[in-house]
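Here the protein sequences line up with chains D and F, keeping their order. Position 232 of the first sequence, counted from 1, bears residue number 231 in numbering that gives the first Met the number 0, the numbering being contiguous throughout. Position 38 of the second sequence, counted from 1, bears residue number 37 in numbering that gives the first Met the number 0, the numbering being contiguous throughout.
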Amino acid sequence: MAREKSAMNRRQFLKQSAAFGLGSLMAPAFARQVYAASKDRVAVLHSVSADSLNPYAHSASPTYGIWQHILEPLVEVDYAKKEFYGVLAESWEFQGKKWVFRLKKGIRFHNGAAFTSKDVIFSINRMKTDKASLQRSNFRDVVEMQAPDDHTVIIATKTPSAVFLDRLHNRFMISKAAADKYGDQMDQHAIGTGPYRFVSWQRDGNLVLTRNDDYWGPKPEIKEVVYRKVGEEAGRVAGLLAGQGDVINNVPVDEIPRLESHPRVRVEKVAGLRMYFLAMNCTLKPFDNKLVRQAVNYCIDPQAIIKYIYDGNGYMVDGPVPSHVIGYDPNLKRYPNDPKKARELLAKAGFSNGVEVKLYFSPDRYPKAREICQVIADQLLKGGIKTEPVSQEFVIFWGKDGVNGGKLPFYYVGRPFVDTDTFYDQYFHSGVTKRIGYSNAEFDRLMKEQQSTGDQKKRVALLQEAGRIVMEDAPFVPLYNLAEVYGVARNVIWKARPDEKILVWDMKIRS
Amino acid sequence: MLRRRFIGAIPVLLGISLLVFFLMHIAPGDPISLLLGDDATEAEIQRTRHEWGLDQPILVQYWEFLSHAVRGDFGKSLKFGEPVTKLVFERLPATCELALSSLLVAILISIPIGVYSAIKHDSLLDHAGMGLALVGVSLPNFWLGIMLIYFLGGQFNLFPVAGRIEYGIQLETITRLYLVDSLITGNFPAFWSAVQHLFMPAITLGTSLAAIVTRITRSSILEVMRQDYITTARAKGLSERAVIWRHILRNAMITIITILGLQLGALLNGAVITETVFSFPGIGDLLIQAISVRDYKLAQGLIFFFAMMYFAVNLLVDLLYMLVDPRIKL
Numbered sequence: 000m001a002r003e004k005s006a007m008n009r010r011q012f013l014k015q016s017a018a019f020g021l022g023s024l025m026a027p028a029f030a031r032q033v034y035a036a037s038k039d040r041v042a043v044l045h046s047v048s049a050d051s052l053n054p055y056a057h058s059a060s061p062t063y064g065i066w067q068h069i070l071e072p073l074v075e076v077d078y079a080k081k082e083f084y085g086v087l088a089e090s091w092e093f094q095g096k097k098w099v100f101r102l103k104k105g106i107r108f109h110n111g112a113a114f115t116s117k118d119v120i121f122s123i124n125r126m127k128t129d130k131a132s133l134q135r136s137n138f139r140d141v142v143e144m145q146a147p148d149d150h151t152v153i154i155a156t157k158t159p160s161a162v163f164l165d166r167l168h169n170r171f172m173i174s175k176a177a178a179d180k181y182g183d184q185m186d187q188h189a190i191g192t193g194p195y196r197f198v199s200w201q202r203d204g205n206l207v208l209t210r211n212d213d214y215w216g217p218k219p220e221i222k223e224v225v226y227r228k229v230g231e232e233a234g235r236v237a238g239l240l241a242g243q244g245d246v247i248n249n250v251p252v253d254e255i256p257r258l259e260s261h262p263r264v265r266v267e268k269v270a271g272l273r274m275y276f277l278a279m280n281c282t283l284k285p286f287d288n289k290l291v292r293q294a295v296n297y298c299i300d301p302q303a304i305i306k307y308i309y310d311g312n313g314y315m316v317d318g319p320v321p322s323h324v325i326g327y328d329p330n331l332k333r334y335p336n337d338p339k340k341a342r343e344l345l346a347k348a349g350f351s352n353g354v355e356v357k358l359y360f361s362p363d364r365y366p367k368a369r370e371i372c373q374v375i376a377d378q379l380l381k382g383g384i385k386t387e388p389v390s391q392e393f394v395i396f397w398g399k400d401g402v403n404g405g406k407l408p409f410y411y412v413g414r415p416f417v418d419t420d421t422f423y424d425q426y427f428h429s430g431v432t433k434r435i436g437y438s439n440a441e442f443d444r445l446m447k448e449q450q451s452t453g454d455q456k457k458r459v460a461l462l463q464e465a466g467r468i469v470m471e472d473a474p475f476v477p478l479y480n481l482a483e484v485y486g487v488a489r490n491v492i493w494k495a496r497p498d499e500k501i502l503v504w505d506m507k508i509r510s
Numbered sequence: 000m001l002r003r004r005f006i007g008a009i010p011v012l013l014g015i016s017l018l019v020f021f022l023m024h025i026a027p028g029d030p031i032s033l034l035l036g037d038d039a040t041e042a043e044i045q046r047t048r049h050e051w052g053l054d055q056p057i058l059v060q061y062w063e064f065l066s067h068a069v070r071g072d073f074g075k076s077l078k079f080g081e082p083v084t085k086l087v088f089e090r091l092p093a094t095c096e097l098a099l100s101s102l103l104v105a106i107l108i109s110i111p112i113g114v115y116s117a118i119k120h121d122s123l124l125d126h127a128g129m130g131l132a133l134v135g136v137s138l139p140n141f142w143l144g145i146m147l148i149y150f151l152g153g154q155f156n157l158f159p160v161a162g163r164i165e166y167g168i169q170l171e172t173i174t175r176l177y178l179v180d181s182l183i184t185g186n187f188p189a190f191w192s193a194v195q196h197l198f199m200p201a202i203t204l205g206t207s208l209a210a211i212v213t214r215i216t217r218s219s220i221l222e223v224m225r226q227d228y229i230t231t232a233r234a235k236g237l238s239e240r241a242v243i244w245r246h247i248l249r250n251a252m253i254t255i256i257t258i259l260g261l262q263l264g265a266l267l268n269g270a271v272i273t274e275t276v277f278s279f280p281g282i283g284d285l286l287i288q289a290i291s292v293r294d295y296k297l298a299q300g301l302i303f304f305f306a307m308m309y310f311a312v313n314l315l316v317d318l319l320y321m322l323v324d325p326r327i328k329l
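Have a look at this one:
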């Protein structure tokens, strides 16, 4: 009797069984775990990472934020109160050419060593002398340091430096005992006094931290922190939406609606510290003429840029500096938007037929710079200034043939600052940089005086006076501060800071 | 013969060193201002430029570079503050792993489609296969990468969007090739995590290669199929399966292997973009970072290294070719 032909032969049966077996083996592995942020772990998908374990080989705010989990500074800024408060320092006193810091007692490093004045001197010395340090310029005026006892440090400066606290925040303290023990290898151990201990790090990979249960201050709620570098915007957004991370930074404004409508995540925004402005080099034509610079000021309407390019995610600067910084003057207002007045000033300056200029910008550094400069060109045209936007790679734009070489007549740039002194000193104080070629003896005198004035009220008044001069001379057009936009898992309670730092110890988990 | 190849490589490498050094230095841009960032003051820029020897005449800098490079010392990276060779060797295994996985992806996709298209040529499936190959070769790999991140990463959460291994997974590194290390140490979670992290980058990088190899496979099989010995094989009464496997494929393989080997060099090129899109810490990603901040020493070291890899791969392919076809001599 002929055997009935089976619907499936042996070979097919084996193939299908193998495929089924393999599939069932793989399936659970493919369904990736979705991490809801928990008290056990928060993962930050970050646009940058620590390039090395040298704590001083960088000078960028987001990177300071990463390091600040492990290492701590003497002082930090209270952005709401516009003043400094002590972290490792208990108190301080400005005594002309000397700063005296009294340190908090009972603080220990992760290796158990007590934190003393010797660690402060060791750390500052390393920031000053380490060839790889990018934080040296903050201590260029420091001539001597003394430790009269374990909890007092005296720092002497060449000239009185009232703005030293501003130079000192973000300068982190490392352990001298660890340096003595590990020598060249000390950075591999990353020992600090901070609320988190260093666990592991891969360059451009993951940085893992674990809670320091012996921390001297309030204990963080979250046990483990992972910073993972995801350079690509699309990658960060996708990672957050998929639950592969709990917090992401630098969310493009176009992605805000998508994130806001997602059940797992929310958007967190705050006015950033970086003030954007148009700089005009006073040594280059036609900006050597004050009337032309003022005319440019009259042409610009930052509100239009904020509204149409940033979907409202920006905050116009109403004077020379934003209202949240030290040195702000509520009585000093920006130039109104008045293209007619601009034309009059141009005619007075001898450009009755208008003037042609180039506006330089760097699209790889500042968000939407290309679109903004197009709008600015359009606004300037209404005032009789024909503008050609010129795009440059940031390494060229910022270099010796660009901004820092004093070669660009007119450019779009941003600068983060907490104290007006930082901005005025670098852009308008004669001889500090070549960026803008501005020089005014009275302005320089006021700057020098405020830099050596210990009385904060008097110092602010001097900065305000300097502000009036620089507004009249108009070497720049203040624009706006943009929102720092973060994507955050909904169960993370956290308020973003204006300084681009993501500090996990500030986070709580909604249970 | 091999000695002649090596001696011949010396002027090539010297030429590359000249080209790389001068092109990097001619390109506008100032690494020092960038390094110092917002706080760069004029005095600090001058001081740092001097410390890194960038204020020296260009020929002095070239001599400095060359005299150290011949000893395998490419100096210290400006951005990372570490020796260039250390950075390269730290990242090289990741790139090798990515390149080899992409090669595997390319083989798995292209050989079956190529063979099938050739055997059933002019059929609907053949046209579909070739259409697919055309699409594959035309897709820019950064775009494909971003699409994979968006859909497979973000929407379906099947694969991680960046990196090489999941956080929290401990892996003892021996060769720094994560797949190999995890297998040696029997660490299955690490192996699986590494596979998942490699999947999207390898597909991205492997797709364009697969497209090329599919077309080559199809045409070389078609050529072999027209040979007399295939007709003979069929006349002998061999089964079609035996004809395809033993006679057609084996003979067509010579061309395919050569193309695959030569394309390994192109994979290194592609790795530059793919690694950047996936934040995959290999030497391609490192090169992009080095060039964008004009980290001269790191970029020079890396490009020089790429050149040597090209040389090595080409030599390897020639040797392999000699093995496959004894009529060829170096």
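Positions of the beta carbon are idealized from the N, C-alpha and C atoms, including for glycine. As the structure is a computational prediction, the values presented were derived from the model and not from experiment.
Within 8 angstroms, strictly: CB atoms of residue i and residue j
| i | j | result |
| --- | --- | --- |
| residue 511 (chain D) | residue 333 (chain D) | Because chain D here runs from 0 to 510, residue 511 (chain D) falls outside it and cannot be looked at. |
| residue 143 (chain D) | residue 131 (chain D) | no |
| residue 167 (chain D) | residue 73 (chain D) | yes |
| residue 229 (chain F) | residue 246 (chain F) | yes |
| residue 204 (chain F) | residue 193 (chain F) | no |
| residue 243 (chain D) | residue 160 (chain F) | yes |
| residue 486 (chain D) | residue 278 (chain F) | no |
| residue 238 (chain D) | residue 445 (chain D) | no |
CB contact check: residue i to chain D, cutoff 8 angstroms
| i | result |
| --- | --- |
| residue 238 (chain F) | no |
| residue 396 (chain F) | Since the first and last residues shown for chain F are 0 and 329, residue 396 (chain F) lies out of range. |
| residue 149 (chain F) | yes |
| residue 171 (chain F) | no |
| residue 100 (chain F) | no |
Within chain F, partners of residue i - CB distance below 7 angstroms
| i | result |
| --- | --- |
| residue 296 (chain D) | Within chain F, no residue comes near residue 296 (chain D); the closest Cβ sits about 23 angstroms away, beyond 7 angstroms. |
| residue 481 (chain D) | Those do not exist, as residue 481 (chain D) stays about 15 angstroms from chain F at its closest Cβ, beyond 7 angstroms. |
| residue 361 (chain D) | Within chain F, no residue comes near residue 361 (chain D); the closest Cβ sits about 11 angstroms away, beyond 7 angstroms. |
| residue 237 (chain D) | 148, 149, 152, 153 and 160 |
| residue 156 (chain D) | Result: empty, since nearest Cβ-Cβ is about 16 angstroms, beyond 7 angstroms. |
| residue 258 (chain D) | Those do not exist, as residue 258 (chain D) stays about 11 angstroms from chain F at its closest Cβ, beyond 7 angstroms. |
| residue 130 (chain D) | 50 |
Per-residue contacts from residue i into chain D (C-beta, under 7 angstroms)
| i | result |
| --- | --- |
| residue 293 (chain F) | 394 |
| residue 44 (chain F) | 403 |
Where residue i meets chain D, residues with beta-carbon distance less than 8 angstroms
| i | result |
| --- | --- |
| residue 33 (chain F) | 393, 394, 397 and 398 |
| residue 166 (chain F) | 42, 205, 207, 225 and 227 |
| residue 41 (chain F) | 403, 430, 431, 432 and 433 |
Beta carbon proximity, residue i to chain F, threshold 8 angstroms
| i | result |
| --- | --- |
| residue 167 (chain D) | no |
| residue 500 (chain D) | no |
| residue 27 (chain D) | Confidence at residue 27 (chain D) is low in this model, with a pLDDT of 43, below 50, so the placement of that residue should be treated as unreliable; the coordinate-derived value is given next. Output row for residue 27 (chain D): interface = no. |
| residue 191 (chain D) | no |
Where residue i meets chain C, residues with beta-carbon distance less than 9 angstroms
| i | result |
| --- | --- |
| residue 271 (chain F) | This model lacks chain C altogether, as its protein chains are D and F. |
For residue i, the three-state DSSP class (helix, strand or coil)
| i | result |
| --- | --- |
| residue 452 (chain D) | coil |
| residue 169 (chain D) | coil |
| residue 61 (chain F) | helix |
| residue 313 (chain D) | strand |
| residue 509 (chain D) | coil |
| residue 427 (chain D) | coil |
| residue 11 (chain F) | helix |
| residue 477 (chain D) | strand |
| residue 224 (chain D) | strand |
| residue 103 (chain D) | coil |
| residue 185 (chain F) | coil |
| residue 30 (chain F) | helix |
Per-residue contacts from residue i into chain F (C-beta, under 8 angstroms)
| i | result |
| --- | --- |
| residue 353 (chain D) | Under the 8 angstroms cutoff, chain F gives no residues; its nearest Cβ is about 31 angstroms from residue 353 (chain D). |
9 angstroms Cβ cut-off: residues of chain D touching residue i
| i | result |
| --- | --- |
| residue 189 (chain F) | What residue 189 (chain F) touches in chain D: nothing, since even the nearest Cβ is about 13 angstroms away. |
Contact set between residue i and chain F, taken where Cβ atoms lie within less than 9 angstroms
| i | result |
| --- | --- |
| residue 516 (chain D) | Examination of residue 516 (chain D) is not possible in this model, given that chain D is present from 0 through 510 alone. |
- Task: Give, in chain order, every unbroken run of the alpha helix (DSSP H) that is at least 4 residues long and sits entirely within the stretch 322–357 of chain D.
- Result: 338–347
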